[in-house]
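First residue of the sequence shown? That's 1 in our numbering, and the numbers climb one at a time after it. Here's the structure we're looking at; comments come further down.
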Amino acid sequence: LDQFLQSKTNQRTDDYGGPDIDCSAPPTSLADNAYCANGINRASRLTQNTGGVGLQLTESHDIFGAKNQAVVGVNFDRSTDRYAQNFQYATLTPERTAVSNVNAFNPAETVNSLSGSNKILGVYLTDTFSPNDLLHFTASARYNRNTETLNGFSVDTDVGDFGDDFDEANPLIENHTYSRVNPAFGFTVTPSDKLTLYADYNEASRAPTVIELGCSDPENPCGLPNDFASDPNLKQVIARTVEIGARGSTEDKRLNWSVDVFHTVNSNDIQFIATSTSEGYFDNVGSTRRQGLDLAVGGQLADLSWHLVYSYVDATYRSNFEVNGESNSSADEDGNIQVRAGDRIPLIPRHTGRVVLDYAVTKDWDVGANPILSSGVFLHGNENNANQAGGTNGEGAEV
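In structure tokens, the structure reads:
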């Protein structure tokens, strides 16, 4: 918090080009407060509402003497997001508490206001064909159409823009439409009711969110990200997944197990690109990859149910890009770091283990536990995995 507030104060002081301000005198304008304050108080409110309706029809009818089931459906969902943020300049106390500066020129004004809606129309068809009891083939396709509307404004709070756009509201009015057909196909082999083998390929898409679309201009970075502007469009994220696995159980079904191997590549993945300690923007950064395996075994022992799960996830960037990382020892003199294909994605552990226990004390009462153990992760700001604690960055600062 201290580092954030100090960086914002220094930025305003260094960039300010207006008339001289005496911080020992009572403020006479909002610019006086912005220049002299060493703290900020923010209060934000986010309201989200989602509703939808769906219709699905299923038809089971033999084809050429073989079992076949077709499913067709349509669904419509609508979500709304309303965001507002109040902003007021403040003074830091010795306990590092930000106390708002109370004067006529420092109102707690709304500096960010954004209303957005997302309408999603989906139409899908799935067909499963079983030529015999051993083989089952499935093919499906889903058409998605996302329509997103943004309406709001953002006030420029940077006193470095005094005489230009400082304390002026910039409108945010945008309309975006995304559409795509996502296919999937696979097969299942069932040698018995105790063993199932499967393999499949599927594609999925994700449209940028209202917040991401409201903060995607590198020329107008957002504050963590709380400042919005009418920004460039973003591409939707496309995920392509190949999966192979098996699951089964013992004859008495007291022991069950599963194993799954997966490989997913995201195209046009969206990353928050930091441009300073407290600002940045969302952008498509190319491809990312997540691959690994899941192992699980569980069962029933008298009144005790147990389940062990292990996951290995290798999550890496597959494209090169640049981000700000002033607290990274490998940052250059401008505070930037280079992320390269093969660098691990922050906050995703490679190894994760879970134990799920549930004991039936009586027929009406259960007690349980769910411990989770995971390996270490890289933090945001170390996307290039090269930071060394106690090192010195290109600016000569020890980090």
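Backbone N, C-alpha and C fix where the C-beta goes; we use that ideal spot for every residue, glycine too. As the structure is a computational prediction, the values presented were derived from the model and not from experiment.
With respect to the C-alpha of residue 201, the residue from 386, 194 and 188 having the closest C-alpha is 188. Counted as a single uninterrupted DSSP element, the beta strand (DSSP E) harbouring residue 175 occupies residues 169-192. In the DSSP assignment, residue 211 falls within the unbroken alpha helix (DSSP H) covering 210-213. Checking the DSSP bridge columns, you'll see residue 366 partnered with 360. Taking C-beta atoms as the reference points, residue 155 and residue 34 fail to come closer than 7 angstroms.
If you draw a 10 Å sphere on the C-beta of residue 251, you find fewer than 16 other C-beta atoms in it, and that means exposed.
Each of 27, 271, 114 and 394 was checked against the Cα of residue 172, and the nearest Cα belongs to 114. The three-state secondary structure of residue 159, taken from DSSP, is helix. Where residue 30 is concerned, the enclosing alpha helix (DSSP H) starts and stops at 30-36. By the beta-carbon neighbour count (other beta carbons within 10 angstroms, threshold 16), residue 87 is buried. Per DSSP, the beta bridge partners of residue 147 are 119 and 177. For residue 318, there is no enclosing beta strand (DSSP E), as DSSP gives it neither H nor E.
Under DSSP, residue 293 takes part in a beta bridge, and its partners are 261 and 312.
When the beta-carbon positions are compared, residue 284 and residue 363 stay at least 7 angstroms from each other. In this model, residue 343 and residue 384 are separated by some 6 angstroms (Cα to Cα). The shortest CA-to-CA distance from residue 169 to any of 207, 255, 112 and 321 is the one to 112.
7 angstroms or more divides the Cβ of residue 21 from the Cβ of residue 90.
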